[in-house]
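Numbering (my numbering), first residue to last: 103 to 808. To start, the structure itself, in C-alpha cells.
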C-alpha cells in the first residue's frame, strides 16, 4: 500500500468483511492512481458502485458504539483505519499500514479525528471469493515437479532411517540384557554403520536437489517478477518509491528459501507425526496417547500465536520498506541535501526510521524467542518425563526396559517434526507479509499494447481528438478538450506556465498515460493499437525525468541498440555538440557516468541525452525542456541543427528564445489550448503568449567574459 491509498485499503477491508474479497490492486485499477489521497465523500461514491449503503457521521469516540461496525475512521487527521470492535477499555482497529491493532481506549480517543463512515451492504450486494495469494508461487514450484518429487522421496527415505532407530534401540537393549551375548554387538555395529552411510547419502542427495530446486525457483521467480515489473504502466512507478520496489524484488529470495525448504517438510513432518504417534501408541498406548495430546496442544498454541507473529512481521516489513525507500530517495537527492546543509536532519530522520525498524524486528524476535523457549524446554524435559512415567509401567510389567527406551527415543523423535512444523507455520506467516507486497506487482495490470508495428512508411502525423485527462476518476482534469493535429515534418512548440499540462501532453503522445476521454492517434492509427515498445523506439525523447545510467558514455548514447555503430554514436554526439568534450576526457566514450550523471554538469548531461535522442534519426522528436541547462551558444547550435532536421518535432520549453523559429506554437493554460500560431502571429494577438514573451524579455542572461 502506498502512503496515499489508506482510504482505498480501508474500503477493501470493509468489502472483505462482508464477503466481497477484492485486492487493493484491483480497487486501484478501477479508481485510478490516487496521488493526493481520497476523501470520505469519494469513498462513499466508490462504495456505492459495490452496492454499499454509506453514511458519514461526526461522532465522538463514545458515540461510535451506537453505529454498526466495521466503520472507516479518519485517524490523526491524515489517515484512514477500520474500526472492528469496541470493548470496555480496548478498541480493535485495522490499520492499512500495520494490520490489526488493539489500542487502549485513551490512545484511541487521542488519535481518532471525529469522523466515521458507515458502509452497509444492500440487497444486490455480491460476494466474491478470495484469490489464494500463494497460487503464483505454488505454480512456479510445480514447474520443477520432478525435482520436488525427488526431494520428497529422498526425504521420506531419510526420515525412514530415523524410524528404524527406536526399533533397533528396543531390540538391542532387550536382547542384550536377556542373552548377555557380546557377539550381538558386532552385527549391531554394522547396522549402525550402514544406517550412517545411507543417512550420509540421502542427506547429500537431498541437499544437492534442494540447491538445484532453489536455483530453478530463483530463475523462474526473479525473471517473472522483473519481467512483469518492467511491463507495468508508467503510472505504477510514479506512485512508488524505487527503494521499496527493490526491497520487494529482494523479498523473492526469502520466499524462495521458505518454499523450497519448508513446504516439502510440511508433508513429511505431518507424515512423520502420524507414524511416530502410531508407533508410540502401539508400544504403550497410555504414554503414546499422552505424548500425542501434549504435542498437538503445543502445535495448536503455535498456530494460535501465528496471528501475533503475522502482525509483528507486517510491522517489521513495513518499517523495513519505509527505511529502504527513505534511504534510496535521499541518496539519489544527495546534491540537494549537501547544498541545503541538511545532512544532520536526514541522518536524524533515517535514525528514527532505523530505530523504528530495529524496534519492530526486536519485538518479533523476542516473540519468536518466547515461543521457541517453550518448545525447546518441552523438548529438553520430554525424555526425562517419559522415563519418569515409563518406569512405573516397567515395574508393573506393561513394557520392557528396552521398550521404554524405544518409546523414549520415539517421543524425542516425535518432537522434532512437531517443532519443525511449528517453525514452518511461523515462517510461512512471515513470508505471507512479503507476498502481500509482491502481489502489488504480480496482480497489477500490464501496460496495454497493440500489435501494429511502425515500418518504413511511418511518418509522424499526430492527432488529438477531444482529449481530456485526469489521474483518477475523482481528480480534476489536467488536460481539457484538446483538439490538435501535428503534421509530418512540422516543428511545433508547446509553451505555457508551470502546471499547464505541457509534460502531460508529451506523455500522452508516448502512451505513458492513457487519455481519460477522447482519442490520440499517430499516422491515423489509435495509440492503443500500436505496439508501444517498438513505437517508442521510433521516437527520440527527452523528458524532464530522463536520466543517465551508471555505464559508459557510449552505452548511455547507444542504449544497447545492437544496430548502431560507433560512427553513428559519434555523429549523434557531434549533432548534440558534445563530441569535443567527450574526446577531451582520458577515456573518451568509455568514460563511466556516475549514477544520475553527477560527474558531469547539467549542460553536459543534457547534451549526452540529446545525442541519445538523435542517434536513430527518428521520425518524431519530443523534447521537454531538453536545452534548459545549455548556454546560449550550445543552445543556438542545437536549434540550428533541429531547423535542418526533416522530422516531426515537438518542443516543450519555458525559454521562449528556443521556440520562436517553430512552425507553430501551442499555448496551454490550465490544461486548455488557448492560442496557436507562429511567433509573429501570436505576438500580434497580444494574448497569453505576448505576456509570456514580454515577461521573458526582462530575463537578461549575462555571459562571463573572463
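A virtual CB, placed ideally from N, CA and C, is assigned to each residue, including glycine.
The residue among 561, 486, 534, 601 with its C-alpha nearest the C-alpha of residue 640 is 561. For residue 643, the enclosing beta strand (DSSP E) has its first and last residue at 641–644. Rounded to whole angstroms, the Cβ separation of residue 368 and residue 523 is 7 Å, and the two are in contact under 8 Å.
Here the alpha carbon of residue 740 sits roughly 14 Å from the alpha carbon of residue 593.
In the structure shown, residue 309 adopts helical secondary structure according to DSSP, grouped into three states. Distance from the Cα of residue 142 is smallest, within the candidate group 660, 498, 217, for 217. Inter-segment contact for the segment 209–223 and the segment 155–173 is present: three or more beta-carbon pairs are separated by less than 8 Å.
With a cutoff of 8 Å on beta-carbon distance, residue 193 and residue 205 are scored as near each other. Rounded to the nearest whole angstrom, the C-alpha separation of residue 772 and residue 782 is 23 Å. Comparing alpha carbon positions, the residue from 386, 655, 731, 792 closest to residue 494 is 386.
Taking a contact as a CB-CB distance under 8 Å, the pair residue 492 and residue 510 counts as one, their CB atoms being some 7 Å apart. In the three-state DSSP reduction, residue 534 falls in the helix class (H, G or I). The segment 716–723 and the segment 693–703 do not touch, with fewer than three beta-carbon pairs separated by less than 8 Å. When the beta-carbon positions are compared, residue 709 and residue 736 come within less than 8 Å of each other.
The C-alpha of residue 248 lies about 44 Å from the C-alpha of residue 431. The continuous beta strand (DSSP E) containing residue 202 extends over residues 201–206. Contact between the segment 577–594 and the segment 754–768 is present: three or more C-beta pairs spanning the two stretches fall below 8 Å. Residue environment for residue 411: buried (at least 16 other C-beta atoms within 10 angstroms of its C-beta). By the 16-neighbour rule on beta-carbons within 10 angstroms, residue 121 is exposed. The beta carbon of residue 792 is closer than 7 Å to those of 784, 785 in its chain, skipping five residues each way along the sequence. If only uninterrupted beta strand (DSSP E) runs of at least 3 residues are considered, none is enclosed by the segment 664–722. Nearest Cα to residue 575 within the set 132, 603, 643, 300: 132. Taking all protein chains shown into account, residue 664 has fewer than 16 neighbouring C-beta atoms within 10 Å of its C-beta and is therefore exposed. DSSP places residue 116 in the helix class (H, G or I) of the three-state scheme. The shortest CA-to-CA distance from residue 168 to any of 287, 187, 659 is the one to 187. Inclusion of residue 183 and residue 196 in the CB contact set at 8 Å is warranted, their separation being smaller than that value.
Counted as a single uninterrupted DSSP element, the beta strand (DSSP E) harbouring residue 619 occupies residues 619–624.
Only residues of its own chain outside the window of five on either side were considered, and among them 572 have a CB closer than 8 Å to the CB of residue 578, listed in chain order.
Sorting 597, 617, 559 by C-alpha distance to the C-alpha of residue 570 places 617 at the top. Taking the C-beta atoms as reference points, residue 543 is found nearer than 8 Å to residue 350. Per DSSP, the continuous beta strand (DSSP E) segment holding residue 569 begins and ends at 564–571. For residue 223, there is no enclosing alpha helix (DSSP H); the residue is found in the beta strand (DSSP E) stretching over 214–223. Of the other Cβ atoms in all chains shown, 16 or more fall within 10 Å of the Cβ of residue 609; this residue is therefore buried. Take the alpha-carbon of residue 440 and the one of residue 447: they are about 11 Å apart. The beta carbon of residue 731 sits closer than 8 Å to those of 703, 704, 705, 707, 708, all from its chain and outside the five residues before and after it, given in chain order.
The Cβ neighbour count for residue 466, taken over all protein chains shown within 10 Å, is at least 16; the residue is labelled buried.
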